[in-house]
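Novice: Per our numbering, residue 670 is the first one in the sequence shown, and the count goes up by one each step.
The beta carbon of each residue, even a glycine, is placed where N, CA and C say it ideally should be.
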Amino acid sequence: MIVMKFGGTSNRDADAMANVLRIITSHLAERPVVVISAIANATNDLEESARTAASGDAATGEAIVTRFYARHLALVDALVKDSSRAGIVTGAFSGYIKELTTLLHGLAILRELTPRTMDAVCSYGERFSSRIIAAGLQESGVDAVWVDAKEFMLTDSNFGKALPVMDAVTSNLARVVVPLLERRQVPVTQGFIGVTASGAYTTMGRESSDFSAAIIGAAMDADRVQIWTDVDGILTADPRMVPDVRKVRRMSFDEAFELSYFGAKVLHPNTMLPLLDKNIPVEIRNSRRKEGTGTLIDQRGAAPAGVQAVKSISFSADVTVISVSPRKRTNQYLFWEGVFSVLSRSEIDVRSVTTSEYRIAFAIAGAYESSTVIPRLEEVGQVAVFPGQASLCIVGSGLREWAGFAGRVFGALTGLKTSLVAYGASGLNMTVVVERRSLEEALLRLHVEFFGSPAKGGEFDVPFN
Ligand code: ADP
Ligand code: ASP
Ligand code: MG
670 MIVMKFGGTS NRDADAMANV LRIITSHLAE RPVVVISAIA NATNDLEESA RTAASGDAAT
730 GEAIVTRFYA RHLALVDALV KDSSRAGIVT GAFSGYIKEL TTLLHGLAIL RELTPRTMDA
790 VCSYGERFSS RIIAAGLQES GVDAVWVDAK EFMLTDSNFG KALPVMDAVT SNLARVVVPL
850 LERRQVPVTQ GFIGVTASGA YTTMGRESSD FSAAIIGAAM DADRVQIWTD VDGILTADPR
910 MVPDVRKVRR MSFDEAFELS YFGAKVLHPN TMLPLLDKNI PVEIRNSRRK EGTGTLIDQR
970 GAAPAGVQAV KSISFSADVT VISVSPRKRT NQYLFWEGVF SVLSRSEIDV RSVTTSEYRI
1030 AFAIAGAYES STVIPRLEEV GQVAVFPGQA SLCIVGSGLR EWAGFAGRVF GALTGLKTSL
1090 VAYGASGLNM TVVVERRSLE EALLRLHVEF FGSPAKGGEF DVPFN
């Protein structure tokens, strides 16, 4: 069996969703389990409705949800012609809308938005969209069954960034979804959402439908997991920033993890984690060009030993560099411990670290000037904060063994200020932090350095450099 995940970009409007239905139909022989994200922007709208209601403005919150509801009703109208089938879907929708409106009223009264309530509100995006896809497939004669993720995706209760309880998810899927496949039915479920042991909806973080697909793929021993999106595969850079990108044919799990962790939106970084051990490959495919070959991510996707290649460059546009030095030079290891214990208590993901004798600097995503972490770090040492930075992560194979690699990076960045460099921990990446206003220039220059001028175009495979 395979898992097919379709993101918001593939579910933009009725035409795009009709195309999704055709893609699924052309893969029936591979026994797909279908994972659907919310339609484009729906999760943003739901988040905004919750925030607006919690600020006391229930009417505007409700108006956002009314537009969200109307968008979905129009999609049912366009894609589900059979009136009794459409009636089942719209009946479920009107129940959802009543619940959602009640939630928004509660938020407006309490004027408090907990992560738990935010997850409950956001869960509706995927519940609406997946019902349309299931009904649309039935309309085309496919024996599709809508499956509520609540029936199998058990998570912890870390609302907003929940993690699955894999053993339970595996046995739930065996009970709920495997029998459907055995009957040659097509299960259609939701990405992004899960459920706690006490029955509350959770979410696994923004963009995490990719992760949901991977969890299902790993739990069901899928032959592969397909992520259908709006680009031809993993590209040598974000095409919104670099016009002449090339497609990467193959990558390893580790490379894909580094790339997405350091900012490439195309894949949620957790996606690779459940699939690594079982070596279940991931394909990134373009739903607008279904004949394309996409990018294959698997264990053997690294360049062969001895081959050095840059594969892609990702970035985070909003990074803060913080440096800390001790007020008194006593035991260096106690100082390191103090710094890292503050970061761990504050639940901060450090992107890159560099040290000098008695000074440590690290880059974190987001703005931290007014964060509570700064006074906590000041208890450990003297702190300097450098806001307005951006990080670039150059990902590839064999970078540590590549004589002259660092020289090429710094040569390309000549004249630009570099506030932090991290290299050597994995051999898979080099991270360079520059001023935010130089980000685009730095990215374009690095792209030309490693992937050539616009004329080169096309697919990119190792050995390349
Ligand atoms: P979906 O809605 O299908 O989950 P996303 O918007 O989350 O789609 O991810 C696809 C987008 O990721 C692309 O449109 C592209 O702009 C962006 N992206 C960023 N970096 C890369 C990269 N290296 N390769 C491909 N796409 C990238
Ligand atoms: N709908 C969710 C989001 O927009 C999950 C996803 O698209 O992967 O973040
Ligand atoms: Mg996405």
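List, from N- to C-terminal side, the beta strand (DSSP E) runs of 3 residues or more that fit wholly inside the stretch 1016-1042.
Specialist: 1019-1025, 1028-1034
Novice: Let me check one thing: in DSSP terms, what residues is P701 bridge-paired to?
Specialist: I671
Novice: Taking the alpha-carbon of H741 as reference, which of A683, M941, G775, T1083 has the nearest alpha-carbon?
Specialist: A683
Novice: So L965 and E952 are supposed to be a Cβ contact under 8 Å. How far apart are they, rounded?
Specialist: 6 Å
Novice: Check for me: the beta strand (DSSP E) holding Q895 runs from which residue to which?
Specialist: Segment 893-898, the beta strand (DSSP E) holding Q895.
Novice: With hydrogens ignored, establish whether the beta-carbon of D879 is closer than 7 Å to any heavy atom of the ligand ASP.
Specialist: yes
Novice: Taking the continuous beta strand (DSSP E) assigned at R998, which residues delimit it?
Specialist: Taken as a continuous stretch (DSSP letters only), R998 belongs to no beta strand (DSSP E), as it is neither H nor E.
Novice: Express the C-alpha separation of D817 and I705 in angstroms, rounding to a whole number.
Specialist: 11 Å
Novice: Under 7 Å: does the beta carbon of E876 sit that close to some heavy atom of the ligand ASP?
Specialist: yes
Novice: Could you give the DSSP three-state label for V976: helix, strand or coil?
Specialist: coil
Novice: What's the gap between the Cα of N939 and the Cα of I903?
Specialist: 16 Å
Novice: Mind checking whether the beta-carbon of G860 lies closer than 7 Å to any heavy atom of the ligand MG?
Specialist: no
Novice: Is A685 near the ligand ADP, with its Cβ less than 7 Å from a heavy atom?
Specialist: no
Novice: What whole-angstrom Cβ distance do G794 and L715 have, given they're in contact under 8 Å?
Specialist: L715 and G794 do touch by the CB rule: their CB atoms are close to 6 Å apart, below 8 Å.
Novice: I want to see whether chain C comes within less than 8 Å of F861, judged by CB atoms only; does it?
Specialist: No chain C is part of this structure, which consists of one protein chain only.
Novice: So which of D1018, S1015, V1054 has the shortest CA-CA distance to Y1030?
Specialist: Strictly speaking, residue 1030 in this sequence is Ala, with Tyr absent from that position. For the residues D1018, S1015, V1054, the minimum Cα distance to A1030 belongs to V1054.
Novice: Please list the terminal residues of the continuous alpha helix (DSSP H) segment that includes S929.
Specialist: 922-930
Novice: According to DSSP, is D967 helix, strand or coil?
Specialist: coil
Novice: Is there contact here, the stretch 915-935 with the stretch 1090-1106, by at least three beta-carbon pairs under 8 Å?
Specialist: yes
Novice: Roughly how many angstroms lie between the CA atoms of T1083 and T858, to the nearest whole one?
Specialist: 50 Å
Novice: Return the CA-CA distance between S983 and C791, expressed in angstroms with no decimal places.
Specialist: Between S983 and C791, the C-alpha separation is close to 28 Å.
Novice: Which of the three DSSP states is assigned to G676 in this structure?
Specialist: DSSP places G676 in coil when its eight states are reduced to three.
Novice: Just the Cα atoms here: how many angstroms apart are E1109 and M910?
Specialist: 7 Å
Novice: Could you give the residue range of the beta strand (DSSP E) that holds I1063?
Specialist: 1051-1066
Novice: Check whether the stretch 1060-1069 touches the stretch 994-1006, counting contact only when three or more Cβ pairs, one atom from each stretch, lie closer than 8 Å.
Specialist: no
Novice: Expressed to the nearest angstrom, what Euclidean distance is found between the alpha-carbon atoms of N710 and F880?
Specialist: If you draw a straight line from the Cα of N710 to the Cα of F880, it is about 19 Å long.
Novice: Looking at the unbroken alpha helix (DSSP H) that takes in N955, where does it start and where does it end?
Specialist: Element bounds for N955: not the alpha helix (DSSP H) but the beta strand (DSSP E), 951-955.
Novice: Could you pull the start and end residues of the beta strand (DSSP E) that A707 belongs to?
Specialist: Where A707 is concerned, there is no enclosing beta strand (DSSP E), because DSSP gives it neither an H nor an E.
Novice: So what does F1120 bridge to, in DSSP terms?
Specialist: Residue pairing by DSSP leaves F1120 without any beta bridge partner.
Novice: May I ask you to check if the CB of K934 is nearer than 7 Å to at least one heavy atom of the ligand MG?
Specialist: yes
Novice: For the stretch 834-846 against the stretch 803-820, do three or more pairs of beta-carbon atoms, one drawn from each stretch, fall closer than 8 Å, so that the two count as touching?
Specialist: yes
Novice: Find out if the Cβ-Cβ distance for the pair L944, V894 is shorter than 8 Å.
Specialist: yes
Novice: Please specify which runs of the beta strand (DSSP E), each continuous and at least 3 residues long, are wholly inside the stretch 811-870, giving them in chain order.
Specialist: 813-815, 855-859, 862-864
Novice: What is the rounded straight-line gap between the Cα of D751 and the Cα of A739?
Specialist: 19 Å
Novice: Quick check: the Cα distance between N1134 and F1119, rounded to an integer number of angstroms?
Specialist: With a pLDDT of only 43 at N1134, under 50, the local geometry of the prediction cannot be trusted, and the value read off the model is given with reservation. Cα to Cα, N1134 sits roughly 7 Å from F1119.
Novice: Is V1042 closer than 8 Å to I1017 when the C-beta atoms are compared?
Specialist: Between I1017 and V1042, the CB-CB gap stays under 8 Å.
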